[in-house]
Structures are given as structure tokens and as C-alpha cells.
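Residue numbers (my numbering): 23 to 95. For reference, the structure discussed in these notes is given below.
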């Protein structure tokens, strides 16, 4: 696989997106350069991933990745 383009999202924006999702009690997925993981799943997130024929990968590493990585659109 080859990455054609990277567009990092500012850390402050990521923190706000995750905080907003938590306030709404909704799961959220984040994308690093290597993977996409979520902190949970619901029907809307599963349906969104299904458009790309992907499955939601829920990971206990979500919080750790939030601290350690850059995220992409």
C-alpha cells in the first residue's frame, strides 16, 4: 500500500471532536497513517464504515493512540 496524500488534523480539533462525541455518548473513530480504530460502535458508525466495505475496529488502545499519534482526514 502507498500513501498518496496526508492531511493531518490539528490536535486541538481532534480533542474537540472526541469530546463532542463523548458528550453525545456516541462512539468516534480516529485514523492514523496506519490504521482506523474506534472507541465503540453504534449503528450509524457501522453503516458509515459499510460504505467503504470496512468494519469498525474497536480497540482498547484508543486512548493511548489519542496521546501518541497524528490523525488524518
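All C-beta atoms in this analysis are idealised placements derived from N, C-alpha and C, irrespective of residue type, glycine included.
Beta-carbon contacts of residue i that lie in its chain and below 7 Å, excluding the five residues immediately before and after
i	result
residue 91	54
residue 67	49, 51, 60, 78
residue 83	59
For residue i, the three-state DSSP class (helix, strand or coil)
i	result
residue 45	helix
residue 74	coil
DSSP beta-bridge partners of residue i
i	result
residue 94	30
residue 80	60
Residue range of the beta strand (DSSP E) that includes residue i
i	result
residue 53	51 to 53
Nearest residue (CA-CA) to residue i, options the options
i	options	result
residue 76	89, 41, 30, 58	58
residue 88	30, 40, 69	40
residue 62	37, 30, 80	80
residue 24	47, 46, 56, 37	56
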